[in-house]
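2 protein chains.
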Amino acid sequence: MYQPKHQLFQFNIDFNPYQFMQKYSFATLISSYQGEIEINQIPFVIDQDNDQLLGHLARTNPHWQHLTQADDVKVFFNGPDAYISPNWYQQPKQNVPTWNYVSLEVSGKVSLMSDQELIDQLAQLSQIHESTLETPWTIDLLEPKQLDRMCQAIVGIKISIDRINSKAKLSQNKSVAELKHLIEGLASQTESDNSQQIRHWMQTQNGC
Amino acid sequence: MYQPKHQLFQFNIDFNPYQFMQKYSFATLISSYQGEIEINQIPFVIDQDNDQLLGHLARTNPHWQHLTQADDVKVFFNGPDAYISPNWYQQPKQNVPTWNYVSLEVSGKVSLMSDQELIDQLAQLSQIHESTLETPWTIDLLEPKQLDRMCQAIVGIKISIDRINSKAKLSQNKSVAELKHLIEGLASQTESDNSQQIRHWMQTQNGC
Chain A
790 MYQPKHQLFQ
800 FNIDFNPYQF
810 MQKYSFATLI
820 SSYQGEIEIN
830 QIPFVIDQDN
840 DQLLGHLART
850 NPHWQHLTQA
860 DDVKVFFNGP
870 DAYISPNWYQ
880 QPKQNVPTWN
890 YVSLEVSGKV
900 SLMSDQELID
910 QLAQLSQIHE
920 STLETPWTID
930 LLEPKQLDRM
940 CQAIVGIKIS
950 IDRINSKAKL
960 SQNKSVAELK
970 HLIEGLASQT
980 ESDNSQQIRH
990 WMQTQNGC
Chain B
790 MYQPKHQLFQ
800 FNIDFNPYQF
810 MQKYSFATLI
820 SSYQGEIEIN
830 QIPFVIDQDN
840 DQLLGHLART
850 NPHWQHLTQA
860 DDVKVFFNGP
870 DAYISPNWYQ
880 QPKQNVPTWN
890 YVSLEVSGKV
900 SLMSDQELID
910 QLAQLSQIHE
920 STLETPWTID
930 LLEPKQLDRM
940 CQAIVGIKIS
950 IDRINSKAKL
960 SQNKSVAELK
970 HLIEGLASQT
980 ESDNSQQIRH
990 WMQTQNGC
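Protein chains in written order, with the working numbering: chain A, 790 to 997; chain B, 790 to 997.
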């Protein structure tokens with residue numbers, strides 16, 4: 790991901806990349822192998838040392854077979870994004886349309902999980918996503934035979950978090966006065982959840 | 790993107806891939822060049838013959854320099870996604886967690902735009918995104934000097950739509966009775982816009 794020389798499109802110092810990955814955990818797994826790009830979307834969890842991304846693919850999905858020998862592997866976490874109209878600035882004739890967004894990419898190497906690591910990952914995954922539900926479903930509700938069948942049908946992958954690259958394009962190159970106008974403009978887009986989320990990111994990251 | 794042998798995770802016959810690309814037009818441009826993956830997010834428009842994706846990058850972003858010689862180029866359009874709890878099925882002990890989502894990838898070759906093509910793309914882009922606003926901003930509000938400065942700072946790209954690959958993972962492998970339970974479950978996630986969008990996709994694609 791490109792970061793312009795002015796380096797303004799970065800998150801502020803309070804930004805926690807691991808929290809971002811947790812929040813936008815249904816991510817895009819991208820690899821290049823013999824020149825070809827392969828893409829699949831899967832939910833990830835982070836290991837307790839913040840060293841690895843943990844996920845799984847269907848065993849019938851050929852993607853996992855190329856991952857350990859891939860030339861490059863990236864996991865892309867998409868945050869929200871929103872169109873910014875020049876009309877929202879104080880001087881619409883002095884400005885051009887743009888797009889604000891937040892996203893993060895991890896580069897790393899892939900290895901395959903053991904059977905126990907896979908079960909642990911599945912337990913952690915359901916624990917996280919069931920935590921906000923009224924009566925959380927847990928993996929131990931499954932009969933051993935079913936759990937075994939499920940594990941046979943998938944392949945667990947671990948991706949080392951070798952490099953994190955993030956981008957917060959949130960109009961940091963504009964004055965505080967202009968930022969307030971943009972925030973008002975986004976607030977007027979009441980039907981767009983994305984615009985409201987970007988508004989929130991602009992407020993917390995730019996302190997306004 | 791992996792499509793399992795049962796081929797159920799496809800959109801129904803009413804699906805229009807070009808409408809999907811228009812709706813989720815802020816997409817992820819991914820290329821592999823000399824083994825390395827490069828990723829940037831940009832808004833795309835489709836040319837009038839549905840032959841090409843049109844976009845632009847900052848001239849200072851080195852990504853455009855590799856695009857015409859890339860080994861592979863894909864544009865990934867992310868639709869919404871949502872966690873599906875086993876608790877929502879009639880038999881929670883017979884089911885496992887899953888994730889539903891809709892997305893689409895385009896594979897193609899990249900060429901660079903002429904100055905006029907770039908201006909046309911910018912005009913089309915603002916026309917589309919300003920169309921829902923009260924007083925649409927148009928590119929001709931800019932003074933010729935400003936427009937010229939803007940065009941100097943960016944590089945227009947055209948990507949041939951050689952192959953479209955889409956995925957609609959919307960529980961099509963479940964019975965209509967179970968689908969109704971899942972739709973209720975998603976409806977209960979009132980704070981998640983993503984869950985409501987997936988619910989809508991499940992209803993329109995599965996006809997329930």
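Where a beta carbon is used, it is the ideal one built from N, C-alpha and C, also for glycine. Here the structure is a predicted model, which is why all the values come from computation and not from measurement.
Determine the DSSP secondary structure at residue i, reduced to helix, strand or coil.
{"i": "F865(B)", "result": "strand"}
{"i": "L922(B)", "result": "coil"}
{"i": "V965(B)", "result": "helix"}
{"i": "Q854(B)", "result": "helix"}
{"i": "P832(A)", "result": "strand"}
{"i": "S915(A)", "result": "helix"}
{"i": "K882(A)", "result": "helix"}
{"i": "I826(A)", "result": "strand"}
{"i": "D870(B)", "result": "strand"}
{"i": "I928(A)", "result": "helix"}
{"i": "I908(B)", "result": "helix"}
{"i": "I802(A)", "result": "coil"}
Checking contacts by CB at 7 angstroms: is residue i closer than that to chain A?
{"i": "L842(B)", "result": "no"}
{"i": "E973(B)", "result": "no"}
{"i": "K882(B)", "result": "yes"}
{"i": "N829(B)", "result": "yes"}
{"i": "W877(B)", "result": "no"}
{"i": "D886(B)", "result": "Residue 886(B) is actually Pro in this sequence, not Asp. Closer than 7 angstroms: yes."}
{"i": "M810(B)", "result": "no"}
{"i": "E894(B)", "result": "yes"}
{"i": "L959(B)", "result": "no"}
{"i": "L818(B)", "result": "no"}
{"i": "L968(B)", "result": "no"}
{"i": "F815(B)", "result": "yes"}
{"i": "Y890(B)", "result": "yes"}
{"i": "P933(B)", "result": "no"}
{"i": "S984(B)", "result": "no"}
{"i": "S874(B)", "result": "yes"}
Which first and last residues belong to the beta strand (DSSP E) in which residue i is found?
{"i": "R952(A)", "result": "952–958"}
{"i": "T887(B)", "result": "887–896"}
{"i": "Q841(B)", "result": "841–847"}
{"i": "L901(B)", "result": "899–901"}
Would you say residue i faces chain B, with C-beta separation under 7 angstroms as the test?
{"i": "G824(A)", "result": "yes"}
{"i": "W990(A)", "result": "no"}
{"i": "F865(A)", "result": "yes"}
{"i": "F798(A)", "result": "no"}
{"i": "H845(A)", "result": "no"}
{"i": "S821(A)", "result": "yes"}
{"i": "M790(A)", "result": "yes"}
{"i": "L955(A)", "result": "In the sequence as presented, Leu is not what sits at residue 955(A); that position holds Ser. Not an interface residue."}
{"i": "N850(A)", "result": "yes"}
{"i": "M788(A)", "result": "With chain A covering 790 to 997 only, the question about residue 788(A) has no answer from this structure."}
{"i": "S964(A)", "result": "no"}
{"i": "D909(A)", "result": "no"}
Apply the 10 Å Cβ neighbour rule to residue i and answer buried if 16 or more other Cβ atoms are within range, or exposed otherwise.
{"i": "I802(B)", "result": "exposed"}
{"i": "H795(A)", "result": "exposed"}
{"i": "S915(A)", "result": "buried"}
{"i": "Q808(A)", "result": "exposed"}
{"i": "S964(B)", "result": "exposed"}
{"i": "P933(A)", "result": "exposed"}
{"i": "A942(B)", "result": "exposed"}
{"i": "R988(B)", "result": "buried"}
{"i": "A957(B)", "result": "buried"}
{"i": "N805(B)", "result": "exposed"}
{"i": "D870(A)", "result": "buried"}
{"i": "G824(A)", "result": "exposed"}
{"i": "Q830(A)", "result": "buried"}
{"i": "K882(B)", "result": "exposed"}
By Cβ distance, which residues of its chain are closer than 6 angstroms to residue i, with the 5 residues on each side in sequence left out?
{"i": "W926(B)", "result": "E919"}
{"i": "G868(B)", "result": "Y813, V891, S892"}
{"i": "D982(A)", "result": "none"}
{"i": "R952(A)", "result": "S896"}
Hey, could you find the ends of the alpha helix (DSSP H) residue i is sitting in?
{"i": "H989(B)", "result": "982–995"}
{"i": "Q941(A)", "result": "933–941"}
{"i": "Y822(B)", "result": "From DSSP, Y822(B) is part of no alpha helix (DSSP H) but of the beta strand (DSSP E) over 815–822."}
{"i": "K812(A)", "result": "806–812"}
Starting from the C-beta of residue i, find all residues in its chain whose C-beta is less than 8 angstroms away, skip the five residues before and the five after it, and write them out in chain order.
{"i": "I819(B)", "result": "I826, E827, I828, V862, K863, V864, F865"}
{"i": "Q879(B)", "result": "A966, E967, H970"}
{"i": "M810(A)", "result": "A816, F833, I835, L842, F866, L893, V895"}
Among the residues of its own chain, which have a CB less than 7 angstroms from the CB of residue i, if the five just before and after it don't count?
{"i": "N995(A)", "result": "L959, Q961, L968"}
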